[in-house]
Amino acid sequence: MARLLFVSDLHLSPQRPLLLERFAALLEREAGRCGGLYILGDLFDAWIGDDDPSPFASQVRALLARFSAATPAFFLRGNRDFMVGERFADETGLRLLPDEHRLEVGERRLLLMHGDQLCTNDVEYQQVRALVRTPRFREEAMRKGIEERRALAAEYRRRSGESLSLKADDIMDVAPEAVVRALREAGADLLVHGHTHRPAIHRLRLDGTPAQRVVLPDWREEEPRLGFWLESGKQGWLRMA
Ligand code: MN
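With the numbering used here as the guide, the letters of the sequence shown map in order to residues 17 to 257.
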């Protein structure tokens, strides 16, 4: 089994060119070498629609298309880039995953998600999430012009649980009971998610058996953290990078 790489919360934007550089270098280095790349949401600080004609959006599309021609790459939407759609997937070769995705790797049963749905104590945020994550909201939004969507995205960020800050202290953490429920319902023993910007490998017990929860790091210009590798071995072993 080859190495799999999981990343999330890169928050790429034209305002943080260093992060885009780092992402480009990662893709170049791993294309054709790792067994798969899983992007678990918030690849973008904001994504206003697949028809975004900006040079920044085009650059990311080109990087991903080149990578995915050599290596399987998967994308699961986050709260900042839930507007990513089929067109983006077609143009980049990324395979879109549902909000909760099960994956078996060796003997490990993984559950992948962005993680915002685990923050169930943030009731107001969950209400907004339920509203904006419907096909109808997406269709109506896409009928608006790019500039109007840009303004709406800024407004949505103000109202989201993350507010305008990317600091962990300003993002609500997951609710432990939501973690247990998600693992149990999926029959999984390894939950991998991002969103909270609190990178860690947590050990827990689930109905008497050991389970783990990997929280992916957010990308920061001052700290070159990547994500999390799952590599071969009987149990599958874990490493933060
Ligand atoms: Mn997020």
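We treat Cβ as the ideally placed atom computed from N, Cα and C, and that holds for glycine.
Treat the numbers as computed from the prediction; the structure is a model and nothing was measured.
Short check: CB of residue i to CB of residue j, under 8 Å?
i	j	result
residue 227	residue 199	yes
residue 97	residue 57	yes
residue 205	residue 125	yes
residue 245	residue 21	yes
residue 240	residue 32	no
residue 54	residue 83	no
residue 76	residue 28	yes
residue 256	residue 217	yes
residue 213	residue 184	yes
How would you call residue i, buried or exposed, if buried means at least 16 neighbouring beta carbons within 10 angstroms?
i	result
residue 243	buried
residue 11	With the chain covering only 17 through 257, there is no way to say anything about residue 11.
residue 70	exposed
residue 186	exposed
residue 18	exposed
residue 85	exposed
residue 68	buried
residue 139	exposed
residue 167	exposed
residue 73	buried
residue 229	buried
Please work out which residues of its chain come closer than 6 Å, Cβ to Cβ, to residue i, disregarding the five sequence neighbours upstream and downstream, and give them in chain order.
i	result
residue 235	26, 35
residue 100	63, 93
residue 79	40, 43
residue 30	72
Could you pull out every residue in the same chain whose Cβ sits closer than 8 Å to the Cβ of residue i, ignoring the five residues on either side in sequence?
i	result
residue 191	134, 135, 136, 137
residue 232	22, 23, 24, 25, 56, 208, 209, 210, 215, 243, 244
residue 48	86, 87
residue 114	92
residue 110	55, 80, 84, 89, 90, 91, 104
Closer than 7 Å by C-beta to residue i: which residues in its own chain qualify, once you throw out the five before and the five after it? Chain order, please.
i	result
residue 147	153
residue 169	62, 64
residue 219	226, 228
residue 158	65
residue 203	125
Under 8 Å, Cβ to Cβ, is there at least one residue of chain D near residue i?
i	result
residue 131	The structure shown contains no chain D; it is built from a single protein chain.
Q. Counting Cβ pairs closer than 8 Å, one from the segment 124–140 and one from the segment 207–224, do we hit at least three?
A. yes
Q | Unbroken stretches of the alpha helix (DSSP H), 4 residues or longer, contained in the segment 169–243 | A | As summarised for the segment 169–243, the continuous alpha helix (DSSP H) elements at least 4 residues long and confined to that stretch are 192–202, given in chain order.
Q: Determine contact between the segment 157–174 and the segment 63–70, defined as no fewer than three beta-carbon pairs at a distance below 8 Å.
A: yes
**Q.** Length at least 4, wholly inside the segment 49–98: the alpha helix (DSSP H) runs in chain order
**A.** 71–84
Q. Whole beta strand (DSSP E) runs in the segment 104–171 with 3 or more residues, listed along the chain?
A. Entirely contained in the segment 104–171, the beta strand (DSSP E) runs reaching 3 residues are, in chain order, 111–113, 116–121, 124–129.
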